[in-house]
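In terms of our numbering, the numbers along the sequence shown are unbroken and rise by one, the last being 797. All C-beta atoms in this analysis are idealised placements derived from N, C-alpha and C, irrespective of residue type, glycine included. All values derive from a computational prediction rather than experimental measurement. The structure appears right after this line, and notes come after that.
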Amino acid sequence: MMRHLQYGTPAKIFHWCIVALLAVQYPIGWLMPDLHRGMTPGAGMTFHVSIGITILVLTALRLVWRLTHPVAPESSLPAWQRVSSEVVHWLLYALVLATTISGWLFASFRGWTLSFFYLVPLPMLASDNAAAGRTIDGLHQAMEWALLVTIVVHIAAALAHIFFYRDRVMQRMLPG
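If you want it as structure tokens, here you go:
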């Protein structure tokens with residue numbers, strides 16, 4: 622399979638759409654009021670879950686695209702940067718997928734009937750189970766923080782390539 626030197630337009634679109642959705646998703650998740658047993662999730666939760674499902678689908682598509690359209694690591698990078706870049710990218714995929722699925726599981730364990738932007742009902746991934754809900758909520762929150770830390774590392778590396786190394790690594794993912 623041929624490895625490209627640049628990310629193609631679909632990879633860039635997936636990447637930047639996911640970035641934009643995560644930039645919206647985190648504040649919604651943090652600003653939503655806590656829902657306690659017996660409470661019905663409102664618009665905040667519906668939008669949070671709907672955006673999460675959108676992120677899940679886009680990430681799955683991005684992953685399929687990456688596997689079928691691999692991009693060669695930047696040849697000018699030292700080996701440690703190539704390896705750490707691969708590790709961070711795969712960790713981002715794993716954490717986004719795990720965080721979105723655990724959020725959907727959490728809603729299912731709470732017994733919430735949710736829809737995708739009030740248009741299509743979402744299937745339950747599990748039955749109502751308070752103990753499992755508490756556990757998965759803790760895992761979901763831990764993964765949210767792990768994902769945020771990994772995103773910060775990813776952004777810091779991109780900025781280092783722009784301002785410190787002054788190479789063209791970041792330009793491979795920029796539009797145009």
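(request) Ignore the nearest five residues each way along the sequence and tell me which others in TYR726's own chain have a CB closer than 7 Å to its CB. (result) One detail in the question is off: residue 726 reads as Leu in this sequence, not Tyr. Apart from sequence neighbours up to five positions away, the residues of its chain that approach LEU726 with a beta-carbon distance below 7 Å are LEU746, ALA747, ILE757, ordered along the chain.
(request) Assign TRP733 to one of two classes, buried (16 or more other C-beta atoms within 10 Å of its C-beta) or exposed (fewer than that). (result) Flag for TRP733 reads buried.
(request) Using the Cα positions of GLU695 and ALA751, report the straight-line distance between them to the nearest angstrom. (result) 48 Å
(request) Can you check DSSP and say which residues form a bridge with PHE737? (result) VAL741
(message) Three Cβ pairs or more, each shorter than 8 Å: is that satisfied between the stretch 735–744 and the stretch 704–715?
(response) No: fewer than three Cβ pairs fall under 8 Å.
(message) Considering only their Cβ atoms, is the gap separating ALA719 from MET764 smaller than 8 Å?
(response) ALA719 sits close to MET764, with the two beta carbons spaced by under 8 Å.
(request) Give a yes or no on whether the C-beta atoms belonging to LEU713 and ILE676 are separated by under 8 Å. (result) no
(request) Note the first and the last residue of the continuous alpha helix (DSSP H) segment covering MET764. (result) It spans 751–784 - the alpha helix (DSSP H) in which MET764 sits, taken as one unbroken run.
(message) Does ARG789 pass the burial test, meaning 16 or more other C-beta atoms within 10 Å, or should it be called exposed?
(response) exposed
(request) Please name the residue in ALA778, PRO796, GLY797, LEU769 whose C-alpha comes closest to that of TRP701. (result) ALA778
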